[in-house]
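The numbering used here puts the sequence shown at residues 706 to 1170.
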Amino acid sequence: MTILNRDVLYLIIEELRNDKKTLISCLSVDKTFCEIIVPILWKNPWKILKLEKKYKKLLLNVIISHFSDETKNYLSQSDSLIYLYKKKPLFNYISFCKHLNFEIIRFMINSFKERSKTPLILNEMLKLFINEDMKFSHLYIPKFFDYQINFTENCFSGIKYFSCSTDIKDNILFELVENCKSIEELEIRFGGHKYNNGIGKLIEAQKNLFSFSLIDHNYHRDLSFDEIIENALIKHSNNIYYYKITTSPTKVLSSFVNLKILEFDDKRELDFLWNYSLPHLQILRVKSFSEKGLADLIKSTCGSLIEIKIDYCDYYDCTDIIQAIYENCPNLKYLKLRIGDWDIFEFEKILINCQYLDTLFIIIDNLYYWNFLFEVLTKSSPIGLFKFKFKFIFDSFYIPLKPFFDNWVGRCPILLSFDMTTAEHMEDLLKEYEDKGIIENYNNLCDDDDGFELEKKSKEDDMIK
């Protein structure tokens, strides 16, 4: 394979960086594929394995395989590891790592049964990851973090993404403020009722901060901490593209004149009016809201929204929101919304007016007129709409999908996703229409990589870069 072909292959594979299943399946193609894919997977190995405890232990074994022979021989006397790799690894996997996640490292260390050996493992791991040969772009520090680490090391100076908790220690913050000036994405999480006001100085020290998240569901928040954070963020008001919070919006929101992505991740009822104008907003994700406030915010976006994701909505609260969408969102591509029988007439206007819609996620509640809903979907869906997700608030064992599939003949094959119970109940019907070519693919909503989110995730990454 020529150098040019290898470069082209790299560009193709890089486009699949968020599709771990495809990447892993390509590892065995040949040596060239393997040499390109392994560094991509190992940029952030913690993400790939974060959900499975057994895989975290396997990852620990791979990391230990990079230890010195003396250390490995000592550890091999333990039966706590699933399998200890005594052979030299095929790659220096650690050298590819650009994400350093101390939360998962701590979990792996604590999973080792022989506590007397955990200090040795931790010390060896820190030597592997923190040295002059490493250069990290992402750093994750969990709450109650007490490792003795020098964050003025050169490997941390180029950090672009930083996640920590509100209880982060003063000495760590001081070192990060001195050493890390290039953080672009900052995520702050709840840290056990402790709020370090020094986080404000970390925010102020950054040269190009464009993404900020404050994930804190504590009902008894430190209001002085909120004020410090707001004042620090104002310095970056022209650069903030992404903003995620779990409390009512505050005065700082109106200063984000170039905001593109806004998320409210809160289960509490946010009973306020959204007196803000966000004309550049493209993605809006909310969980709780006031009907009028959300409708007014949608109207203020001046047609710029391409994604609206509403995870919770009282059945009697959707009319104004649906109307705001079909009157003000002509460029909408992705919509998640809860609807009932009373919403179908208004909902049809979204299908008619939003001609760029390609993905529809419907949360269904108290729906009796199934046939009417699917008739509307068949009759009024824009030509580019072919990705459907359905989630049911109640158990449903009869959904008249057969007429819907029959009437879809001649259109783009459907990508379909259901909640697990519904998908299992209709397995035979779904397989039948997959064989007929009406359905391209179907799966259940519990799957992380369902084929719907990967392209959207890549586009979102490109949007905020």
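The C-beta atom is built at its ideal place from N, Cα and C for all residues, glycine as well.
Look at the beta carbons and you see the segment 729-745 not touching the segment 828-846: under three pairs across the two are nearer than 8 Å. In this structure GLU808 is not in contact with TYR866, their Cβ atoms being roughly 14 Å apart against a cut-off of 8 Å. Collapsing the DSSP output to three states places ARG722 in coil. A direct Cα-to-Cα measurement between PHE861 and LEU728 gives close to 28 Å. The beta-carbon distance between PHE969 and ILE950, rounded to whole angstroms, is 6 Å. This is short enough to meet the 8 Å contact definition.
Separation of LEU1062 and GLY863 (C-alpha to C-alpha, rounded to the nearest whole angstrom) is 39 Å. In the DSSP annotation of this structure, the continuous segment of the beta strand (DSSP E) that includes ILE1069 starts and ends at 1064-1069. Per DSSP, GLU1145 is one residue of the beta strand (DSSP E) stretching across 1144-1149. Each residue's CA atom was taken as its position, placing LEU1042 and SER800 some 44 Å apart. Of all C-beta pairs linking the segment 1009-1017 to the segment 1033-1050, three or more are shorter than 8 Å, placing the two stretches in contact.
When only Cα atoms are considered, PHE994 and TYR947 end up about 19 Å apart. For VAL1081, the uninterrupted alpha helix (DSSP H) run begins and ends at 1075-1085, by DSSP. Sequence-distant Cβ neighbours of LEU765 in its own chain, meaning closer than 6 Å and more than five residues away, are MET813. Here ASN1058 is actually not in contact with THR1083; their C-beta atoms are around 17 Å apart, not less than 8 Å. Take the alpha-carbon of GLN911 and the one of GLN782: they are about 47 Å apart. Going by C-alpha positions, GLU819 is about 52 Å away from ASN943. Taking C-beta separations shorter than 8 Å and ignoring five residues to either side along the sequence, the partners of ARG711 in its chain run THR737, ILE741, following chain order.
Sequence-distant partners of SER918 (beyond 5 residues in either direction) whose C-beta falls short of 6 Å from its own C-beta, in its chain, are GLU892, LYS949. According to the DSSP secondary-structure assignment, VAL991 is paired through a beta bridge with PHE969, ILE1015.
In the DSSP assignment, ILE873 falls outside any alpha helix (DSSP H) and carries neither an H nor an E. Counting C-beta atoms within 10 angstroms of its own C-beta, ASP921 has 16 or more neighbours from the protein chains shown and is therefore classed as buried. If you look at ILE1088, you'll find it isn't in any beta strand (DSSP E); DSSP assigns it neither H nor E. Here DSSP, grouped into helix, strand and coil, assigns ILE888 to coil.
Annotation: LEU714 to LYS1107 spans about 42 Å, alpha carbon to alpha carbon. ARG926 has its alpha-carbon roughly 10 Å from the corresponding atom of THR952. If you draw a straight line from the Cα of CYS1023 to the Cα of THR1006, it comes to about 19 Å. Spatial neighbours of THR955 in its own chain (CB-CB distance under 8 Å, excluding positions within 5 residues in sequence) are listed in chain order as ASP931, GLU935. In the DSSP assignment, ASN806 falls within the unbroken beta strand (DSSP E) covering 804-806.
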